[in-house]
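Below: the structure, in structure tokens.
In our numbering, the protein residues as written are 1 to 134.
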């Protein structure tokens with residue numbers, strides 16, 4: 001387990017604690033939905049890692065030529081904006097295209113919102129989000 005995964009788990013625990021101290025709706029520190037979300041998130045993380053390892057052997061030469069941006073900071077900013085816009089466009093389509101909404105609505109099905117609610121998603125949603133940066 002890498003340091004980033006440990007950091008993400010730590011942040012999740014901190015936000016769960018804050019949510020338990022200041023809940024909008026009293027539900028305790030960990031409820032059934034929290035456990036379900038963590039299990040789902042773990043399974044989907046394993047699926048995502050499988051996809052990344054599967055495609056990892058194929059070297060990417062970049063979809064967008066960045067020769068014009070010599071500065072690594074400029075390259076980072078352009079990549080960040082393109083990635084953010086692509087995720088926004090996919091999420092927008094998930095809400096507007098009925099067959100995509102069929103999968104995306106799993107993400108919105110949590111009745112008890114907490115820091116783990118974002119982990120609840122359909123595998124199709126996860127594959128969309130994984131494919132964007134790849």
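Just so you know, even glycine gets a beta-carbon here, dropped at the ideal spot from N, CA and C. Since this is a predicted model, take the numbers as computed values, not measurements.
Just the Cα atoms here: how many angstroms apart are residue i and residue j?
i: residue 131; j: residue 18; result: 32 Å
i: residue 32; j: residue 104; result: 21 Å
i: residue 90; j: residue 129; result: 8 Å
i: residue 114; j: residue 74; result: 36 Å
Residue range of the alpha helix (DSSP H) that residue i falls in?
i: residue 104; result: 98-104
i: residue 131; result: 123-131
Determine whether the beta carbon atoms of residue i and residue j lie at a separation below 9 Å.
i: residue 126; j: residue 54; result: no
i: residue 100; j: residue 82; result: no
i: residue 21; j: residue 116; result: no
Please classify residue i as buried or exposed, where buried requires at least 16 neighbouring CB atoms within 10 angstroms.
i: residue 119; result: buried
i: residue 34; result: buried
i: residue 84; result: exposed
i: residue 94; result: buried
i: residue 108; result: exposed
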